[in-house]
Amino acid sequence: TTTKTTNTITSSSSSYGSMFQYVCGSEFLRLGNGCYYFSTEMTTWRNAHFQCRGRDSQLAVLSSEWEDGVMRAHLNKPQMTRLNRWLGGIYDWSQNEWVWGSSGEVMKYSGFLQHNPRPNSPRWKCVYTAPGLYFRWNYT
1 TTTKTTNTIT SSSSSYGSMF QYVCGSEFLR LGNGCYYFST EMTTWRNAHF QCRGRDSQLA
61 VLSSEWEDGV MRAHLNKPQM TRLNRWLGGI YDWSQNEWVW GSSGEVMKYS GFLQHNPRPN
121 SPRWKCVYTA PGLYFRWNYT
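Each residue of the sequence shown is one higher than the one before, starting from 1 at the first, in the UniProt record's numbering.
Next comes the structure, spelled out in structure tokens:
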């Protein structure tokens with residue numbers, strides 16, 4: 001398990017009828033095409049993952065440059081507390097790929113400063129956004 005603690009970004013969505021629309025819960029904020037919860041609690045990635053599941057949601061999956069840009073623009077707003085924030089990505093050593101922890105799906109997009117970085121030690125690696133990197137992705 002990882003011992004680093006950071007804050008959480010949780011995403012959630014709802015579907016009604018044949019039309020997909022985003023209806024955000026009271027604790028969630030609508031950004032782009034999704035609903036996000038911004039935690040103020042410092043915790044590990046694993047705990048954040050299960051806290052999100054307890055809210056019928058998941059750690060944020062930013063699967064396009066557009067979604068990532070919307071999130072970074074929001075996190076860079078002056079009223080947002082400048083904290084590291086967990087995303088849903090983890091490194092899968094069996095595939096040697098970054099995947100989304102909630103689904104195991106290989107990331108088709110990543111917002112790392114370095115293109116698709118490869119960790120050098122076989123330990124649990126988790127993705128977070130960092131204010132010092134203008135909320136580009138990093139891992140621990």
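The C-beta atom is built at its ideal place from N, Cα and C for all residues, glycine as well.
All of these numbers come straight from a predicted model, not from anything done at the bench.
| task | Run through the UniProt domain "C-type lectin" (31-140) for me and flag every whole beta strand (DSSP E) of 3 or more residues, listed as ranges in chain order. | result | 34-38, 85-92, 97-100, 126-130, 136-139
| task | Can you say whether Tyr-134 is buried or exposed, counting buried as having 16 or more other CB atoms within 10 angstroms of its CB? | result | Along the sequence shown, read from residue 1 onward, the residue named residue 134 stands at position 134. Exposed, by the Cβ-count rule.
| query | Among Val-70, Ser-94, Thr-44, which one has its Cα closest to the Cα of Thr-140? | reply | Within the sequence shown, the letter at position 140 stands for residue 140. Per the Cα distances, Thr-44.
| request: Would you check if there are 3 or more beta carbon pairs closer than 8 angstroms linking the segment 51-59 to the segment 109-117? | output: no
| If you draw a straight line from the alpha carbon of Ala-48 to that of Phe-28, how long is it in whole angstroms? | For the purposes of this step, residue 48 is taken as the residue at position 48 of the sequence shown. For the purposes of this step, residue 28 is taken as the residue at position 28 of the sequence shown. Near 16 angstroms, if we compare the C-alpha coordinates of Phe-28 and Ala-48.
| message | Given a cut-off of 9 angstroms on the beta-carbon distance, is the pair Ala-93 and Pro-117 in contact? | response | Position 93 of the sequence shown, counted from the start, is the residue given in the question as residue 93. Position 117 of the sequence shown, counted from the start, is the residue given in the question as residue 117. In the sequence on display, residue 93 carries Trp and not Ala. Contact: no.
| message | Let me confirm a value: Trp-66 is counted as buried when at least 16 other C-beta atoms fall within 10 Å, else exposed. Which label applies? | response | The residue you call residue 66 lines up with position 66 of the sequence shown. Trp-66 is exposed by the Cβ-count criterion.
| query | Hey, how far is the Cα of Gly-101 from the Cα of Pro-78? | reply | Residue mapping note: residue 101 aligns to position 101 of the sequence shown, counting from 1. Residue mapping note: residue 78 aligns to position 78 of the sequence shown, counting from 1. In a straight line, the C-alpha of Gly-101 is about 30 angstroms away from that of Pro-78.
| said: Quick check on Gly-17: buried or exposed, where buried means 16 or more other Cβ atoms within 10 Å of its Cβ? | reply: Counted from its first residue, the sequence shown places residue 17 at position 17. Caution applies to Gly-17, whose pLDDT of 45 falls short of 50 and renders its modelled position unreliable; the value that the coordinates give is listed next. It counts as exposed.
| Between Gly-69 and Tyr-128, what straight-line distance do the alpha-carbon atoms span, to the nearest angstrom? | Mapped onto the sequence shown, residue 69 falls at position 69. Mapped onto the sequence shown, residue 128 falls at position 128. Their backbone Cα atoms lie some 15 angstroms apart in a straight line.
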